[in-house]
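Student: Here you go, one structure.
Protein chains: 2
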Amino acid sequence: MALVDRAAKTFAPRPFLAASKQFASGADSPRAYLERCLAALAEREPAVGAFVTTDIPGARKAADAATERWRAGNARSAIDGMPVGIKDIIETYDMPTQMGSPLFEGWRGGRDAAAVYALRTAGAVIVGKTVTTEFAATHPRGTRNPHDPSRTPGGSSSGSAAAVATGMVSAALGTQVVGSILRPSSFCGAVGFKPTVGAINRGGSHDYLSQSCTGPIAATLEDAWAVARDIARRVGGDPGFPRLAGPMTPPSAKKPRALAVLETPGWSVATAGARQELERAVGRLRAAGIAILTRHDTPLVEKIEQALADAMPITRAINEWEFVWPLNDYHRRDATALSDSMRERFKSAEAMEEGKYEELIAERARIRAQFAELAAIADAAVTLSAPGAAPVGLGWTGDPIFVVSGSLLGVPTVSLPLLEDEGLPLGLQVLGFARRDADLFATAAAIRDAVDSK
Amino acid sequence: MALVDRAAKTFAPRPFLAASKQFASGADSPRAYLERCLAALAEREPAVGAFVTTDIPGARKAADAATERWRAGNARSAIDGMPVGIKDIIETYDMPTQMGSPLFEGWRGGRDAAAVYALRTAGAVIVGKTVTTEFAATHPRGTRNPHDPSRTPGGSSSGSAAAVATGMVSAALGTQVVGSILRPSSFCGAVGFKPTVGAINRGGSHDYLSQSCTGPIAATLEDAWAVARDIARRVGGDPGFPRLAGPMTPPSAKKPRALAVLETPGWSVATAGARQELERAVGRLRAAGIAILTRHDTPLVEKIEQALADAMPITRAINEWEFVWPLNDYHRRDATALSDSMRERFKSAEAMEEGKYEELIAERARIRAQFAELAAIADAAVTLSAPGAAPVGLGWTGDPIFVVSGSLLGVPTVSLPLLEDEGLPLGLQVLGFARRDADLFATAAAIRDAVDSK
């Protein structure tokens with residue numbers, strides 16, 4: 007089954023900015039573009055299960071309006087007419103928001119979340135709500151990896167990544183607190199972007215954790231930037247945080263002076279194939295004249311590797327406590343409607359000693375300060391996005407060990423679909439510095455060009 | 007009307023911790039205590055309009071259960087059986103959350119907010135939802151000042167302050183982003199506590215602003231501490247922020263070394279009576295042997311006064327931008343359902359230049375750092391809570407100019423009902439230092455004892 011499916015692969019992510027160049031002339035149009043997405047959706051969705059709700063008539067109507075605007079020279083934004091999916095923990099006024107939980111079956115908040123409001127105002131076409139794991143945590147809700155239906159698409163933004171990878175939409179909103187944007191992007195073969203913590207307004211997204219970010223999964227770096235930057239322009243960042251700043255047009259590639267290659271605690275569990283792929287990519291980067299710093303030659307990199315050693319347990323404990331509400335309320339309402347993993351999480355949170363959380367966030371602040379020193383000698387850090395290809399089985403969304411560091415650090419990160427493992431997609435991760443998201447994109451574009459070069 | 011009403015005054019805030027000493031013996035009980043609250047409610051509510059929803063049968067049932075626990079020696083907490091009101095922007099699973107807006111008539115989120123969950127778990131008795139101005143901003147929703155029905159109770163926690171002042175409940179949750187806990191506490195004659203920003207979990211409270219805090223309005227400092235500390239113990243602070251820390255029992259009075267008296271930008275609009283009252287209070291503090299520092303004798307106090315000069319415009323501009331969502335979504339759904347002031351706010355936010363917000367929060371951070379220096383020479387700052395008594399008229403909730411500084415600073419503040427103007431209540435405000443809420447309570451108790459002494 008898996009081999010047949012992979013051999014028959016007829017799908018790919020669908021760039022939008024490139025296509026939109028034909029919209030003004032009428033050679034292409036948002037409506038025609040949408041129909042190509044809908045054809046992919048009709049073909050792939052039964053096997054993939056990326057969506058929990060769709061509104062195809064609404065999408066066609068919105069695409070027609072965008073078509074008119076492009077032809078009249080009145081496009082609202084670079085993403086006017088872009089078909090998008092919305093992770094189902096993010097509110098949409100016209101669809102339910104069910105959070106991957108039976109507790110929220112049919113629930114409607116009656117609002118557009120900040121990011122959804124921004125997308126609509128920019129002219130984007132909301133195709134539907136994409137499958138999330140339960141409350142954007144770990145319990146999967148059935149989406150399959152489009153490259154191999156026996157494998158996980160990753161999570162928690164499972165449906166967003168699968169929908170983008172198959173070209174059912176151009177981009178989709180995901181959220182990440184551990185690895186929920188970059189991991190599924192890596193497993194499905196799409197670009198994933200987690201911005202600096204706080205840089206995109208999470209209002210109306212039901213993720214309340216201090217490391218949570220909303221970010222796009224898209225076909226290209228440029229599309230991801232256009233989506234994220236347009237949202238930030240219209241609704242800003244989280245209250246109290248600077249918004250994602252930078253040019254409206256996607257930053258051009260800018261060759262970095264130096265890159266740090268991080269092994270991270272993931273190195274010991276990475277597959278041989280994944281390690282080779284990273285080494286191959288690093289070889290390309292060196293060949294492009296970029297200085298490479300590693301723990302073996304640069305003491306600061308070694309210090310950072312040490313600081314990140316406990317990224318996973320620290321993140322897990324922080325998240326556990328921060329989930330105590332609303333989990334305690336859900337638990338009281340109907341504990342049987344929660345997955346085993348959610349019930350475990352609640353128990354751990356309740357058992358946490360007072361003061362422990364405060365120690366954890368202080369430790370996180372120290373690790374962030376340590377990482378920030380790297381900016382003096384490198385323009386970004388690179389590593390894998392996952393230990394290997396998506397694992398077989400739909401009961402586990404895969405290991406976030408390579409991407410948790412960026413979440414803990416609160417820095418902007420991207421996953422570029424440049425590597426392979428077992429003939430399946432694997433992401434190359436690039437980590438930037440807090441509030442320098444545009445610089446990260448310029449560096450990531452240069453990395454892409456260097457690694458992709460023939 | 008006003009004079010008659012004031013002459014006939016038969017109400018007062020109702021302390022709980024003191025009363026609870028009789029619960030174990032059965033000489034008093036949570037049920038009997040609740041019935042006294044309900045008698046006040048029956049008598050005063052028609053003239054005051056503090057509640058938008060009540061659940062009296064539910065409250066009696068909860069009070070009976072608390073009565074059983076106290077008699078069995080199994081009280082869940084110091085506030086087990088305490089009748090409380092919940093500001094109607096804070097979700098309760100068993101009542102609507104209507105936010106003072108026709109857009110949310112009958113709306114139910116289906117959850118208990120974090121603070122409500124904590125209160126229930128502690129055994130508190132939820133009497134009902136208290137009136138809030140529209141979205142906890144400025145448009146009033148009809149509550150009257152219990153001391154004089156021709157006057158505002160203040161806002162936005164209008165109903166919470168009026169219900170506590172009249173003893174309909176012991177305590178009520180309010181929220182403050184400018185002056186919405188301390189101002190109505192001052193006008194109605196109750197203790198108001200705004201904690202350090204982030205110190206009480208706002209999950210499920212529909213206030214998304216970076217200065218917003220949830221805090222109690224109560225009859226006494228001790229009751230306010232017990233409520234706030236118990237909530238923080240159970241559900242922590244906002245994600246990413248340290249919770250309200252300190253002893254579970256209310257801090258004992260501790261005479262401060264020195265207090266800074268701040269004029270703040272409010273001084274120029276304070277009434278003669280209010281100024282005299284502050285001077286009287288300061289005289290008492292000096293008489294108690296506490297050193298008093300002012301702008302006239304202490305350069306750092308003068309610097310802080312200067313730093314706070316624009317507290318109001320900075321706060322207003324920050325809030326305007328942070329309100330852009332969800333206001334943009336509400337505006338699109340039905341602009342006619344918004345008050346004029348909300349529509350104005352939305353227009354201003356939309357007109358704000360990109361980057362301006364980021365400058366404002368940077369400026370706020372500088373002012374906070376300046377104020378923090380004061381801790382080296384004083385244990386707290388004191389000033390008025392309002393320029394005078396509650397103004398006549400129900401169309402305006404009064405001037406927050408004295409309390410906005412504490413909101414901008416993110417420090418813990420209390421309003422003590424120790425002063426009078428026009429024969430009506432006026433609060434003495436005490437401002438502490440960030441994450442030192444318990445120290446503030448110890449200092450405030452000493453200030454109360456000194457100013458109250460005969």
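Note that the protein sequences, when read in sequence, are chains A and B.
Quick note: the first sequence uses this note's numbering, first residue 7, plus one each step.
Quick note: the second sequence uses this note's numbering, first residue 7, plus one each step.
No residue lacks a Cβ here, since even glycine has one placed at the ideal position from N, Cα and C.
B:Ile-320 touches chain C at which residues, Cβ-Cβ below 9 Å?
Tutor: No chain C is present in this structure, whose protein chains are A and B.
Student: On the criterion of 16 or more Cβ atoms from any shown chain inside 10 Å, does A:Val-170 qualify as buried, or is it exposed?
Tutor: buried
Student: Which residues mark the beginning and the end of the alpha helix (DSSP H) in which A:Thr-127 is found?
Tutor: 120-127
Student: Starting from the N-terminal side, write out each stretch of the alpha helix (DSSP H) that is 4 residues or longer and does not extend beyond the region 69-125 of chain B.
Tutor: none
Student: Only counting runs of 3 or more residues, tell me where the beta strand (DSSP E) segments fall wholly within the region 135-198 of chain A, in order along the chain.
Tutor: Correct list: 177-182.
Student: Using a C-beta cutoff of 9 Å, does B:Val-10 count as contacting chain A?
Tutor: Any reading at B:Val-10 is ruled out, since the residue's pLDDT is 40, under 50, leaving its predicted position unreliable.
Student: State the DSSP-derived secondary structure class of B:Ser-354, mapped to helix, strand or coil.
Tutor: helix
Student: Taking only beta carbons into account, state which residues of the region 348-381 of chain B come closer than 8 Å to chain A, listed in chain order.
Tutor: Of all residues in the region 348-381 of chain B, only Glu-360, Gly-361, Tyr-363, Glu-364 and Ile-367 come within less than 8 Å of chain A when Cβ atoms are compared, listed by chain position.
Student: Quick check on B:Tyr-289: buried or exposed, where buried means 16 or more other Cβ atoms within 10 Å of its Cβ?
Tutor: Note that residue 289 of chain B corresponds to Gly in the displayed sequence, not to Tyr. Counting the other CB atoms within 10 Å of its CB gives B:Gly-289 a total below 16, which places it among the exposed residues.
Student: Report the residue from B:Ala-143, B:Gly-252 and B:Pro-319 whose alpha carbon sits nearest the alpha carbon of A:Glu-360.
Tutor: B:Gly-252
Student: Could you tell me whether any Cβ in chain B is nearer than 9 Å to the Cβ of A:Leu-215?
Tutor: yes
Student: To the nearest angstrom, report how far apart B:Glu-311 and B:Trp-273 are at their CA atoms.
Tutor: 11 Å
Student: Is there at least one Cβ from chain A nearer than 9 Å to B:Phe-489's Cβ?
Tutor: Residue 489 of chain B cannot be examined here, being either before or after the span of chain B that is shown, 7 to 460.
Student: Excluding the five sequence neighbours on either side, which residues of its own chain have a C-beta within less than 8 Å of the C-beta of B:Val-90, listed in chain order?
Tutor: Leu-125, Ala-130, Val-131, Ile-132, Val-133, Val-175, Ser-176, Ala-177, Ala-178, Leu-179 and Val-233
Student: In the DSSP assignment, what are the bridge partners of A:Lys-200?
Tutor: A:Thr-419
Student: Return no unless some Cβ of chain B is closer than 9 Å to the Cβ of A:Ala-251.
Tutor: Taking Cβ atoms only, chain B reaches closer than 9 Å to A:Ala-251, which makes this a yes.
Student: Per DSSP, what kind of secondary structure is A:Thr-449 in: helix, strand or coil?
Tutor: helix
Student: Under 9 Å, Cβ to Cβ, is there at least one residue of chain A near B:Asn-207?
Tutor: yes
Student: Can you find a C-beta in chain A that's less than 9 Å from the C-beta of B:Asp-335?
Tutor: By this cut-off, B:Asp-335 is an interface position.
Student: With distances taken between CB atoms, is the gap from B:Pro-146 to B:Pro-152 smaller than 9 Å?
Tutor: no
Student: Apart from the five residues on each side of it in sequence, which residues of its chain come closer than 6 Å, Cβ to Cβ, to B:Arg-82?
Tutor: Ala-128 and Gly-129
Student: Determine which residues of the region 99-120 of chain B have a Cβ less than 9 Å from any Cβ of chain A, and write them out in chain order.
Tutor: Here the close residues are Tyr-99, Leu-109, Phe-110, Trp-113, Gly-115, Gly-116, Arg-117, Asp-118, Ala-119 and Ala-120.
Student: Going along chain B, which residues have a C-beta under 7 Å from A:Gly-412?
Tutor: Near A:Gly-412 there are no residues of chain B at all, since even the closest Cβ is about 16 Å away, more than 7 Å.
Student: Against chain B, does A:Thr-127 count as a neighbour if the rule is that its beta carbon must be under 9 Å from one of theirs?
Tutor: yes
Student: Determine, for A:Pro-248, whether the minimum Cβ-Cβ distance to residues of chain B falls below 9 Å.
Tutor: So, interface residue.
Student: Compute the Euclidean distance between the alpha carbons of A:Glu-364 and B:Ser-186, then round it to the nearest angstrom.
Tutor: In a straight line, the C-alpha of A:Glu-364 is about 28 Å away from that of B:Ser-186.
Student: Taking only three categories from DSSP, how would you classify A:Gln-282?
Tutor: helix
Student: For a minimum of 4 consecutive residues, which ranges assigned as the alpha helix (DSSP H) are wholly contained in the region 249-301 of chain B?
Tutor: Entirely contained in the region 249-301 of chain B, the alpha helix (DSSP H) runs reaching 4 residues are, in chain order, 278-293.
Student: Mind pulling the chain B residues with CB within less than 7 Å of A:Tyr-123?
Tutor: Trp-331, Asn-334 and Asp-335
Student: For B:Leu-390, does the three-state DSSP call read helix, strand or coil?
Tutor: Judged by DSSP in its simplified three-state form, B:Leu-390 adopts strand.
Student: Using 10 angstroms around the beta-carbon of A:Val-474, count the other beta-carbons present and answer buried if the total reaches 16, otherwise exposed.
Tutor: Nothing about residue 474 of chain A can be reported from this structure: the residues present for chain A run from 7 to 460 only.
Student: Inspect the beta-carbon positions of A:Ser-163 and A:Thr-181 and report whether they are closer than 9 Å.
Tutor: The criterion of a C-beta distance shorter than 9 Å is satisfied by A:Ser-163 and A:Thr-181.
Student: Compare the C-beta of B:Ser-218 against all C-beta atoms of chain A and say whether one is closer than 9 Å.
Tutor: yes
Student: Mind the definition here: the region 246-265 of chain A touches the region 393-406 of chain A only if three or more C-beta pairs lie below 8 Å; say whether that holds.
Tutor: The region 246-265 of chain A, when compared against the region 393-406 of chain A, does not touch it at the 8 Å Cβ threshold.
Student: Please state the DSSP three-state secondary structure of B:Arg-239.
Tutor: When secondary structure is reduced to three states using DSSP, B:Arg-239 falls in the helix class.
Student: Mind checking whether the beta-carbon of A:Ser-218 lies closer than 8 Å to any heavy atom of the ligand PLP?
Tutor: Because no ligand of any kind appears in the structure shown, any question about the ligand PLP cannot be addressed here.
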